[in-house]
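Student: Got a structure for you, written out below as structure tokens; questions coming shortly.
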Amino acid sequence: MQQGDGQGLVPLLARAAFEGSSESKPQGTRGGAGQQSTWGQRVGSAVLYCAASLLITLSNKIVLTSFDFPSAELLGLCQLAATVAVLTLGRLLKVVRVPPLSGAVLRVAWPLPCLFLANLLFGLAGTKSLSLPIFIALRRFTIVMTLLAEVVLLRTVPPASVQLSVLVMTAGSLLAALSDLNATLAGAAFVMANNACSAVQGACVKRCLPHLGSIGVLFFNATVSLPAVLLLVLANSSADKTGAASLHSVLMEFDGWSDWRFIGAFTISCMMGVALQMGALLCVDHNSALTASIMGSVKNVCVTYVGMFVGGDYLFTPANFVGINVSVLGTLTYLWLTFRK
0 MQQGDGQGLV PLLARAAFEG SSESKPQGTR GGAGQQSTWG QRVGSAVLYC AASLLITLSN
60 KIVLTSFDFP SAELLGLCQL AATVAVLTLG RLLKVVRVPP LSGAVLRVAW PLPCLFLANL
120 LFGLAGTKSL SLPIFIALRR FTIVMTLLAE VVLLRTVPPA SVQLSVLVMT AGSLLAALSD
180 LNATLAGAAF VMANNACSAV QGACVKRCLP HLGSIGVLFF NATVSLPAVL LLVLANSSAD
240 KTGAASLHSV LMEFDGWSDW RFIGAFTISC MMGVALQMGA LLCVDHNSAL TASIMGSVKN
300 VCVTYVGMFV GGDYLFTPAN FVGINVSVLG TLTYLWLTFR K
């Protein structure tokens, strides 16, 4: 993606921190000059994001379950560190261009790491409080919140048919959520806060992309978030065990470090973390934050149906089952409306 250069860069970045787009741009519009993505770029970026989302779920499952790795938080930290390492190496080799962390960049992108960390905290809290199917059903409210965020922050109003498909998804999710007797008020509140942060983050990413580019947004978010996530991992260790040193001792005693199969699976999981974040940014860049949110739900559809039969925490009711399938119908309708030629 082309970026502004020369003397006009700093004023442009400074204005972008406070001003939204005053025009309604069609989905697939890229950059400040209004470049239009091709159909292949739009579909390819969406498929890449969905595939990366599925593959990281599988690789994380292998690391955490098959090899019994003791810390999911540490795995997430390593995935974030891998993102910083890969982009730093690419920057040194001059393979990618990363804007320097200047005051102008901070003024544009400062909300992104804050929203990322809030997403992480609320997501972890919601996951621990709710069953997997109801967690995913409530997470679909991210879609309608993203639509509203794009209208308010980006001045982008989708066609009525797209709005209707989003409402169908939301109505199905609401029906599924209300029928789950295992849902707690606190857990639902955590997930809804998670949804709001995700929606605003998607709109902020779309606003930052024309000025920083996909690589710039990814590098800034990962670099600034990494120390805070490290502190979160240490804090969780201190709360759950006897202190940060206990996490260190557990990792040192983990037998998998001498198993080349675990090392391979762990490395793949870290690289898939990089691919997932890059895929999400490309999907937002070539499509919209709304499409990226819905492509994430496509993966969740598969997880939802698996959760009905695996895990033992799904409470079947007719309303819940119908609600989930209505939401899926709305998702498929949106995909057809968005990607048809």
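Residue numbers for the sequence shown, in numbering that gives the first Met the number 0: 0 to 340. For every residue, glycine included, the Cβ atom is placed at its ideal position computed from N, Cα and C.
1. Going by Cα to Cα distance, which pick from D258, A45, G186 is closest to L129?
2. To the nearest angstrom, how far is the alpha carbon of F66 from that of H210?
3. Within the region 29-66, note down every full alpha helix (DSSP H) run reaching 4 residues or more, in order along the chain.
4. Looking at C-alpha atoms only, which residue of S213, Q78, S70 is the closest neighbour of I267?
5. On the criterion of 16 or more Cβ atoms from any shown chain inside 10 Å, does V156 qualify as buried, or is it exposed?
6. Just to confirm, is the Cβ distance from V167 to A288 under 8 Å?
7. Beta-carbon separation of L111 and V216 under 8 Å?
8. I'd like the span of the alpha helix (DSSP H) that includes K93, first residue to last.
9. State the Cα-Cα distance for the pair G201 and S257, rounded to the nearest angstrom.
10. In the DSSP assignment, the alpha helix (DSSP H) including T126 goes from what residue to what residue?
11. Note down the Cα distance separating K298 from V190, rounded to an integer number of angstroms.
12. Using CA atoms only, rank isn't needed, just tell me which of V97, R206, L177 is closest to V151.
13. Is S70 helix, strand or coil when you go by DSSP?
14. Can you give me the start and stop residues for the alpha helix (DSSP H) that R339 sits inside?
15. From V107 to T330, what distance separates their C-alpha atoms?
16. If you compare alpha carbons, which of S197, N193, L177 is closest to A279?
17. Among residues of its own chain, excluding the 5 on either side of M144, which ones have a beta-carbon nearer than 7 Å to its beta-carbon?
Tutor: According to the structure data:
1. G186
2. 42 Å
3. 38-60
4. The residue with the shortest Cα to Cα distance from I267 is Q78.
5. Answer is exposed; the Cβ neighbour count stays below 16.
6. no
7. yes
8. Where K93 is concerned, there is no enclosing alpha helix (DSSP H), given that its DSSP letter is neither H nor E.
9. 40 Å
10. Note, T126: alpha helix (DSSP H), 110-128.
11. 18 Å
12. Ranked by how close their Cα comes to the Cα of V151, the residues V97, R206, L177 have R206 in first place.
13. coil
14. Run containing R339: none; DSSP gives neither H nor E here.
15. Pairing V107 with T330, the inter-Cα distance amounts to about 32 Å.
16. It is S197 whose Cα lies nearest to the Cα of A279.
17. N194, A195, A198
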